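K.L.:
This is the structure I have questions about; it appears just below.
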Amino acid sequence: MTKAVGVAEVGDADFAEEVLGSAVPVLVEFTADWCPPCRQMAPVLSALAAEEAGRMRVVQLNVDHNPATTNAYKVLSMPTFMLFRGGEPVRSMVGARPKRRLLAELEDVLEDTL
374 MTKAVGVAEV GDADFAEEVL GSAVPVLVEF TADWCPPCRQ MAPVLSALAA EEAGRMRVVQ
434 LNVDHNPATT NAYKVLSMPT FMLFRGGEPV RSMVGARPKR RLLAELEDVL EDTL
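This is how it looks when you write it as structure tokens:
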């Protein structure tokens, strides 16, 4: 998996604690080693994690190594982005996208948390 700098990796074992139990919204990228669009998103996620630190966390979950969480949220395509707030998925997006578009799609949900 192409690791985005400043982006934590989560798995089945710590998903509940790291994502569902987080005090701030968490953007999860469901990703895979074999997924070229996922690799394309690494610099976007790194920038997003740095710019939005304190307002939102960004994490990656490898679907091949974490089938329980992947199946629980019915993730079928990579990359899938899910924004969790208060332990619930509040936004889901499929496919690579530029940072500006990703932020725009998250903005209304994030504004509610300020």
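Basically the working numbering = 1-based index in the sequence shown + 373.
All C-beta atoms in this analysis are idealised placements derived from N, C-alpha and C, irrespective of residue type, glycine included.
If you're wondering where the values come from, they're calculated on a predicted model, not measured in any experiment.
1) What does DSSP give as the partner residue(s) for SER464 in the beta ladder?
2) Between GLU484 and chain B, is there a C-beta pair that is closer than 7 Å?
3) Run through DSSP, which three-state label would LEU483 get?
4) Any idea if ARG430 is buried or exposed, counting beta-carbon neighbours within 10 angstroms, 16 or more meaning buried?
5) Check whether the Cβ atoms of VAL392 and PHE457 sit closer than 7 Å, and answer yes or no.
6) Which two residues bound the contiguous beta strand (DSSP E) that contains ASN435?
7) The beta strand (DSSP E) with GLU402 in it runs from where to where?
P.N.:
Checking against the coordinates, here is how it stands:
1) According to the sequence displayed, residue 464 carries Arg and not Ser. LEU456, per the DSSP bridge assignment.
2) No chain B appears in this structure, which consists of one protein chain only.
3) helix
4) buried
5) yes
6) 430-435
7) For GLU402, the uninterrupted beta strand (DSSP E) run begins and ends at 399-404, by DSSP.
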